[in-house]
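To start, the structure under review is shown below, and the notes come after it.
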Amino acid sequence: MSWEAVSGWLGPEEWQAVGLSLHVALWATFASLPLGVFVAYALARWSFPGKQVLNGIVHLPLILPPVVTGYLLLLSFGRRGAVGGFLESWFGIVFAFRWTGAALAAAIMAFPLMVRAIRLAIEAVDPKLEQAASTLGASRPWVFATVTLPLILPGVIAGAILAFAKAIGEFGATITFVSNIPGQTQTIPSAIYALLQVPGGEAAAGRLVIVSIVVAMGALLVSEFLAQRVARRVAGT
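Once you know that position 126 of the sequence shown is 126 in full-length UniProt numbering, the rest is easy, because the numbers rise by one and skip nothing.
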């Protein structure tokens, strides 16, 4: 099958939704990954007051209805919200009804999956290995960079790709926070929803459903492949 046939299978607006979804999901994943690793490490290794509260906050998006999460984002990061108003006034950063808001909503909804995968990987590392490096004079950041991180890399990769797949499919919080604006905030799920509201839109919606399934399955397969490859390399070193 030629590229012309593949590209002609979707219309311009549908390709636009696919491209925006990938753009949003990539930003949501990579922007939240450093914080995800930090939070996962804190929950796995540290003891501090409020640890269970932090754990509950991290996993709250999995329990709350996505619309509630989107509404809370609108109250906080909207132009009249405390955080959103400050960011716009001082830095010119706007989240509400922008693709950046879609990335923020997707990152928050995917964050629990990322943290959980990375936390499980950290908990599987024997703390004695880290303690041995510390007794040799290595600082805590150096121990993490040279001992912990290589061992948890498969979990980090799996968590990042799971978060990416979740971000691709995020709908409720996104449409509540940034609406459904074609070319600006209309991702694949929003486009499917819009197409199902108009007569004759089922065929185009079905094509986007197939695209979303292919992207999600591809992400999961890549996650498994990379995690196994890194695990073999770590085991061999």
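For every residue, glycine included, the Cβ atom is placed at its ideal position computed from N, Cα and C.
Predicted, not measured: the structure shown is a model, and the values here were computed from it.
Alpha-carbon spacing of residue i relative to residue j, whole angstroms
i: T187; j: E170; result: 9 Å
i: P66; j: T176; result: 9 Å
i: G201; j: N180; result: 16 Å
i: L221; j: A167; result: 16 Å
i: S89; j: A194; result: 33 Å
i: residue 238; j: P61; result: Nothing can be reported for residue 238, as the shown portion of the chain is limited to 1 through 237.
i: Q52; j: A42; result: 11 Å
i: I118; j: L136; result: 26 Å
i: L226; j: G81; result: 41 Å
i: L228; j: Q197; result: Just to set this straight, residue 228 is Gln in the shown sequence, not Leu. Roughly 43 Å between the two C-alpha positions.
i: S223; j: V156; result: 10 Å
i: S2; j: V178; result: Confidence at S2 is low in this model, with a pLDDT of 45, below 50, so its placement is unreliable and the value that follows should be read with caution. Their Cα atoms are separated by approximately 36 Å.
i: K128; j: P182; result: 53 Å
N-terminal and C-terminal residue of the alpha helix (DSSP H) that residue i is part of
i: I168; result: L149 to G169
i: Q184; result: No alpha helix (DSSP H) holds Q184; DSSP gives it neither H nor E.
i: T176; result: G172 to V178
i: A106; result: W99 to E123
i: V143; result: R140 to V143
i: P34; result: P12 to R45
Supposed close pair residue i, residue j - CB separation, criterion 8 Å
i: A133; j: V147; result: 5 Å
i: A191; j: L208; result: 6 Å
i: I93; j: A121; result: The pair is not a contact, with the Cβ atoms about 33 Å apart (cut-off 8 Å).
i: A102; j: V211; result: Wrong, their Cβ atoms sit about 17 Å apart, outside the cutoff.
i: A204; j: G11; result: 7 Å
Sub-8 Å separation of residue i and residue j beta-carbons
i: V37; j: V58; result: no
i: A173; j: A216; result: no
i: S76; j: V68; result: no
i: W99; j: L26; result: no
- Item | Validate contact between the segment 27–35 and the segment 160–167 using beta carbons, cut 8 Å, 3 pairs | yes
- Would the segment 178–187 and the segment 9–16 be scored as touching if the rule is three or more Cβ pairs under 8 Å? yes
- Message: Check whether the segment 69–77 and the segment 135–143 are in contact - that is, three or more C-beta pairs closer than 8 Å.
- Response: no
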